[in-house]
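Scroll down for the structure; my scribbles are underneath it.
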Amino acid sequence: MHDTRRHSDPLERLRADRARAFEVGDPCAGLCTVASVDAAGHPAARTLVLRELEGRFAVFTNRTSPKWTQFERSATVAVVVWLPMLNLQYRLQCTTHPVPDALVHASWLLRPDVPKRLDWFYTTAASQGTVIADRRALLDGLAGVSLPEPLTAPPTAAGRYLEPHSIDRLDLAQPDGVHDRRHFEWRGNDWVETVRVP
0 MHDTRRHSDP
10 LERLRADRAR
20 AFEVGDPCAG
30 LCTVASVDAA
40 GHPAARTLVL
50 RELEGRFAVF
60 TNRTSPKWTQ
70 FERSATVAVV
80 VWLPMLNLQY
90 RLQCTTHPVP
100 DALVHASWLL
110 RPDVPKRLDW
120 FYTTAASQGT
130 VIADRRALLD
140 GLAGVSLPEP
150 LTAPPTAAGR
160 YLEPHSIDRL
170 DLAQPDGVHD
180 RRHFEWRGND
190 WVETVRVP
């Protein structure tokens, strides 16, 4: 017998769980792992900062990065949010859509100095993944980047909204030792929750 019910929004649960993780100092609270498929058909996963922009989850990247092309080409990406201090894992299947450039550029101004300099380095010197002589050459190249005045985002700064249509929540912190696994599927205009064997 299947337990299929309509329940609360799993995105709200994810937001609440991330807020708890931030409160206890979880080092992964602001991160996610995004997996896509590269040009050769191989899976490619990377850890990115998981952002909230106007109530929607998003990731920022640079258009010089291979992952930007993969995001544009992929119908769906897989996203994992692992909160080790809470023993919680979320797995999401998402479509992605571009974040408007104006919003990316406004958010970009809030970034730390080194990522800002890196974005301009990608744009003017070497794209992400480019082979470079050594780390010293990278640091010297970064130091030599000419930044615009006033400081603005490069045209290659970009973002993708993550629009989940499937969410799996695995809670490992159960006193009886049996993990609690809930699956949420977007159907029409609501989430449908099922309890699954972990």
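Counting in numbering that gives the first Met the number 0, the sequence shown runs from 0 upward without gaps.
Just so you know, even glycine gets a beta-carbon here, dropped at the ideal spot from N, CA and C.
Note that this is a predicted model, so its numbers are computed, not measured.
Nearest-angstrom Cα separation, counted from residue j out to residue i
i    : j    : result
H116 : L109 : Reading the sequence as shown, one finds Arg at residue 116 and not His. One C-alpha to the other measures close to 13 Å.
T94  : R168 : 18 Å
P153 : H96  : 20 Å
L82  : E22  : 12 Å
V48  : L87  : 18 Å
L91  : L52  : 18 Å
R62  : T193 : 38 Å
M0   : P197 : Confidence is the limiting factor: at M0 the pLDDT is only 47, short of 50, which leaves the residue's position unreliable, though a coordinate-based value still follows. Their backbone Cα atoms lie some 16 Å apart in a straight line.
D139 : W67  : 26 Å
G24  : R14  : 15 Å
Simplified DSSP assignment, three categories, for residue i
i    : result
A15  : helix
G158 : strand
D170 : strand
R134 : helix
L10  : helix
M0   : Unreliable placement is indicated for M0, whose pLDDT of 47 sits below 50; the coordinate value is still reported in the next sentence. DSSP places M0 in coil when its eight states are reduced to three.
A20  : helix
A203 : The chain is shown from 0 up to 197; residue 203 falls before or after that span and cannot be answered.
Residue i vs residue j beta-carbon contact at 8 Å
i    : j    : result
A44  : D37  : no
A77  : A34  : yes
D170 : D179 : yes
query = Does the stretch 28–35 come close enough to the stretch 181–197 that 3 or more CB-CB pairs lie under 8 Å?
reply = no
Runs of alpha helix (DSSP H) wholly within the stretch 67–113 (minimum 4 residues, chain order) = 100–107
query = At a cut of 8 Å, does the stretch 117–126 reach the stretch 140–154 through at least three beta carbon pairs?
reply = yes
task = Decide yes or no for the touch test of the stretch 52–59 against the stretch 153–167: beta carbon pairs closer than 8 Å, at least 3 of them.
result = yes
inquiry  = Using a Cβ distance threshold of 8 Å, determine whether the stretch 126–135 contacts the stretch 72–79, with at least three qualifying pairs required.
reply    = With a cut-off of 8 Å, the stretch 72–79 and the stretch 126–135 do not count as touching, because too few Cβ pairs lie within range.
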